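First comes the structure, then the notes that go with it.
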Ligand code: B4P
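Numbering (the numbering used here), first residue to last: -19 to 176.
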């Protein structure tokens, strides 16, 4: 089992690259953002609670997100590998993920961090906001709030995986194809070191 975390600030291309990675490697894709948006679309109590945080550019409480991931892992017991997209986003979530995987005698193989300048991120998010209907992508104040949350709460997770020698950064600017090629090279190099 090879488990990958795709990491990076809002708009760095995690969702975009995940779709391709799933098609190529057959990972089970676990995007907490997508799972939360499904709950919102279905107007569930969890979705209504999540929306109030997401609309302000804040993180949804850890226990909500960890519970969602736990039940997804349970639903996919025979998966050949998971792609975590947008999760973990706090050190608490990272600790919970380690524990959940240990219970399944599994671990994270690699964390790939997409590096993109803030100027480019704002451009991408505002552009997506024109068509996506995502309320967190249309307001520049909310977008900047998401960056602040990322720097304060999410970026520190990288150190945890750096210490485990599972961290690698990837240039997240260029064409989607160029970035995908760099990601695949990093995955395949890491897979070889795990197998041999
Ligand atoms: P997410 O859904 O995770 O989304 P994201 O960070 O906004 O975007 P992503 O990086 O996936 O960008 P994408 O590929 O789409 O989070 C949304 C919210 O949900 C969070 O703010 C939070 O409130 C909540 N949430 C989610 N997970 C949580 C957790 N674990 N804990 C607590 N709260 C959580 O790309 C963006 C745009 O760029 C697209 O329009 C795309 O077409 C474009 N693009 C991509 N690659 C490009 C390239 N190479 N060149 C040009 N444009 C590109």
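Beta carbons: idealized from backbone N, C-alpha and C, even for Gly. From a predicted model like this one, the values you see are computed outputs, not experimental measurements.
For residue 126, the number of other beta carbons within 10 angstroms of its own is at least 16, and it is reported as buried. When secondary structure is reduced to three states using DSSP, residue 62 falls in the strand class. For residue 36, the secondary structure class from DSSP, reduced to helix, strand or coil, is coil. Contact between the stretch 63 to 81 and the stretch -14 to 3 is established, with three or more Cβ pairs separated by less than 8 Å. Looking at 38, 74, 58 and 21, the one whose alpha-carbon comes closest to that of residue 46 is 74. In the three-state scheme derived from DSSP, where H, G and I count as helix and E and B as strand, residue 169 is classed as helix.
The residue among 91, 42, -18 and 110 with its C-alpha nearest the C-alpha of residue -6 is 91.
Exclusion of the five residues before and after residue 50 leaves 80 as the residues of its chain whose Cβ lies within less than 7 Å of its Cβ. Taken through DSSP and simplified to helix, strand or coil, residue 96 comes out as coil. In this structure, the beta-carbon distance from residue 26 to residue 164 does not fall below 9 Å. Pairing residue 140 with residue 104, the inter-Cα distance amounts to about 28 Å. Closest option to residue 89, judged by alpha-carbon separation, among 60, 146 and 129: 146. Taking a C-beta distance under 9 Å as the contact criterion, residue 106 and residue 120 qualify as a contact pair.
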